[in-house]
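Asker: Supplied in structure tokens, the structure appears directly below.
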């Protein structure tokens, strides 16, 4: 990476890789959360919500590594919101739809695990939608975890302290 990250086209290219992995997140750490946020906002302003979703997701990973789950929550929500916009804008190439759905799964899971009723209710339609996709093929454990924390599934058992109900939900 060059010193001036904004001019480092080769370094920025690593941010576009999908599915996102440790290399993508390492590139994001070098670019930094502030620069990633600026890039994501510019992408949204241009109507490129697919790029914005990927940048918000990397920002969430960077912030999670430095500030924990609660600090990253805002950026996971921005990832989910940008993914939702891709459904209406139709700007995700068909060959990238599975990657988009998986990205949405990776952002939805920690937000649902927060058990914040406002966020759980807000993102319930996205949770239902992601269950109709191939996202679970990429990561069955993450998919099962999201299912466990779904409001009308395991979430109600978790919030009620029903450990046996949670275990049964996860097994199903």
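Numbering (the numbering used here), first residue to last: 5 to 176.
Glycine residues also receive a C-beta, built at the ideal position from the N, C-alpha and C atoms.
The model shown is predicted, which means the values in this text are computed figures rather than measured ones.
Report all residues from its chain with a CB closer than 6 Å to the CB of residue 82; omit the five preceding and five following residues, and keep chain order.
Answerer: Taking C-beta separations shorter than 6 Å and ignoring five residues to either side along the sequence, the partners of residue 82 in its chain run 60, following chain order.
Asker: Would a C-beta distance cut-off of 8 Å place residue 40 and residue 51 closer than the cut-off?
Answerer: no
Asker: I need the DSSP call for residue 47, collapsed to helix, strand or coil.
Answerer: helix
Asker: Quick check: what's the CA-CA separation for residue 95 versus residue 54?
Answerer: Cα to Cα, residue 95 sits roughly 7 Å from residue 54.
Asker: Can you tell me whether residue 27 is buried or exposed, with buried defined as 16 or more other CB within 10 angstroms of its CB?
Answerer: exposed
Asker: Compute the distance between the beta-carbons of residue 112 and residue 131, then report whether it is under 8 Å.
Answerer: yes
Asker: Give me the Cα-Cα distance between residue 108 and residue 35, rounded to the nearest whole angstrom.
Answerer: Distance between the alpha carbons of residue 108 and residue 35: 22 Å.
Asker: Leaving out five residues before and five after residue 43 in sequence, what residues of the same chain have Cβ atoms less than 6 Å from its Cβ?
Answerer: 59
Asker: Pick from 37, 84, 102, 93: whose alpha carbon is nearest that of residue 70?
Answerer: 37
Asker: Check the C-beta distance from residue 134 over to residue 102 and give it rounded, since I have them as a contact under 8 Å.
Answerer: Between residue 102 and residue 134 the Cβ distance is about 11 Å, and since that is not below 8 Å, they are no contact.
Asker: In whole angstroms, give me the CA-to-CA distance for residue 20 and residue 63.
Answerer: 13 Å
Asker: Given a cut-off of 8 Å on the beta-carbon distance, is the pair residue 57 and residue 67 in contact?
Answerer: No, the pair does not count as a contact, with Cβ atoms beyond the cut-off.
Asker: Is it buried or exposed, residue 152, if we count other Cβ atoms within 10 angstroms and call 16 or more buried?
Answerer: buried
Asker: Alpha carbon to alpha carbon, how far is residue 72 from residue 116? Give it in angstroms, no decimals.
Answerer: Distance from the CA atom of residue 116 to the CA atom of residue 72, rounded to whole angstroms, is 16 Å.
Asker: Can you tell me the Cβ-Cβ gap for residue 114 and residue 80, rounded? I've got them flagged as a contact below 8 Å.
Answerer: 6 Å
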